[in-house]
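Working notes, structure below.
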Amino acid sequence: MWNFSLWPEQAATIAPKVDALVIFEIGVSAFFIVMFGLVILGFCIHYRRGNPVDRSNPPVNSRIGEVLWFVVAIAICGTMYAWATRLFFEEYTPTPGASRIDVVGKQWMWYVQHPEGRSETNELHVPIGRPFKLNMTSQDVVHSFFIPSFRLKQDVVPGMYTGYSFTPSKVGVYDLFCAEYCGTNHSRMIGHVYVMEPEDYEAWLAEKGGGPSQADEGERLFVRNHCAGCHRGSQIVHAPRLEGVYGKPVPIQVGSEVHFEIADETYIRDSILMPKDKVVAGYEPIMPSFKDQISEQDLLKIIAYIKSLANREVSQ
Numbered sequence: 598m599w600n601f602s603l604w605p606e607q608a609a610t611i612a613p614k615v616d617a618l619v620i621f622e623i624g625v626s627a628f629f630i631v632m633f634g635l636v637i638l639g640f641c642i643h644y645r646r647g648n649p650v651d652r653s654n655p656p657v658n659s660r661i662g663e664v665l666w667f668v669v670a671i672a673i674c675g676t677m678y679a680w681a682t683r684l685f686f687e688e689y690t691p692t693p694g695a696s697r698i699d700v701v702g703k704q705w706m707w708y709v710q711h712p713e714g715r716s717e718t719n720e721l722h723v724p725i726g727r728p729f730k731l732n733m734t735s736q737d738v739v740h741s742f743f744i745p746s747f748r749l750k751q752d753v754v755p756g757m758y759t760g761y762s763f764t765p766s767k768v769g770v771y772d773l774f775c776a777e778y779c780g781t782n783h784s785r786m787i788g789h790v791y792v793m794e795p796e797d798y799e800a801w802l803a804e805k806g807g808g809p810s811q812a813d814e815g816e817r818l819f820v821r822n823h824c825a826g827c828h829r830g831s832q833i834v835h836a837p838r839l840e841g842v843y844g845k846p847v848p849i850q851v852g853s854e855v856h857f858e859i860a861d862e863t864y865i866r867d868s869i870l871m872p873k874d875k876v877v878a879g880y881e882p883i884m885p886s887f888k889d890q891i892s893e894q895d896l897l898k899i900i901a902y903i904k905s906l907a908n909r910e911v912s913q
């Protein structure tokens, strides 16, 4: 039985919208290819050598034709642009209340961390119908997190965080690839996405017992790496407190001037790995760098812990 599909299953809410745009673009391209092909073929036949047709006074320009061609081209290209832009913002704007999952790419595997504490390698388990936001980074080289059935692909870059949002719409098992050549075993950097019923997902989360959450793990790492000695209430060294800092503007001393930066994930990551690059105004640049001492997955846990302090007030 003929069972050939031009593209993978549609397993996310955005997939049919992406397919509709692609079909529109293919249709426009096919229309003009056929139209121009038929016009050229007609001219070849009509004006072939030996055919007695009037070849005098050929038209050299047409103001109406030029205007019409310009307007039609702008209208079609503008439609494609507006359509694709709307899908872009839908893909990269998290749905309110979306659950966040952290992903670390490294040669040659995917490490996935759920906020509830469960982690997995080369697999991603998600429940159907729940919106998610992936927060991704790389530990070594550029990778690309590609789920064909979700119609989503995003480069995973060392030193920064990228990501996209999606809502699974169909239960099943779907392929996960690295779509950016990343070294010798690039072709083996594959995995699967499991879209499950909500009750099955909850059972999967509890399968290994209730462990510490990502933020709780981050607090343990925060203490183990001696961060608490400077950034908590019992601090000995004069250092900035972290309660309530996430998402707020932080004054940064640059020479004799002060400017403000928002304390997001990237700011916190840079402050841990390159603390002397962004010194908070009023403090000395004495914090040591933790570059090459903390893995990317542990950094994400520490950041999750600092984010959990966002609504706490500094206790004196």
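Position 173 (the sequence shown) corresponds to 770 in this note's numbering; numbering is contiguous.
C-beta: ideal position from N, C-alpha, C; glycine also.
*Would you mind stating whether residue 765 and residue 792 have Cβ atoms separated by less than 7 Å?*
yes
*To the nearest angstrom, report how far apart residue 880 and residue 855 are at their CA atoms.*
12 Å
*asked:* Residues in the same chain with beta-carbon distance under 8 Å from residue 882, minus the five sequence neighbours each way, listed in chain order, please.
replied: 872, 873, 876
*Taking the CB atoms as reference points, tell me whether residue 816 and residue 708 lie closer together than 7 Å.*
no
_Span of the beta strand (DSSP E) around residue 707_ = 706–710
_Using only the alpha-carbon positions, how far apart do residue 863 and residue 757 sit?_
6 Å
_Assuming the contact rule is C-beta atoms closer than 8 Å, residue 730 and residue 683 should be a hit. Round their C-beta distance to whole Å, please._
About 19 Å separates the two Cβ atoms, so there is no contact after all.
*What's the gap between the Cα of residue 711 and the Cα of residue 718?*
11 Å
*Own chain, CB closer than 8 Å to residue 622, minus 5 neighbours either side, in chain order*: 677
*Using alpha carbons as the reference points, say which of 762, 761, 703, 827 lies closest to residue 736.*
703
_Does residue 912 pass the burial test, meaning 16 or more other C-beta atoms within 10 Å, or should it be called exposed?_
At residue 912, the pLDDT of 49 sits below 50, so the modelled position is not reliable and the matter cannot be decided from this model.
_Exposure label - residue 699; buried when at least 16 CB within 10 Å_ = buried
_I'd like the ranges of any alpha helix (DSSP H) spanning at least 4 consecutive residues and lying wholly in the stretch 825–854._
825–828
*Measure the C-alpha to C-alpha separation of residue 723 and residue 640 and round it to an integer number of angstroms.*
58 Å
_Close beta carbons around residue 598, own chain, < 6 Å, minus the five adjacent residues each side_ = Unreliable placement is indicated for residue 598, whose pLDDT of 45 sits below 50; no coordinate value is reported for it.
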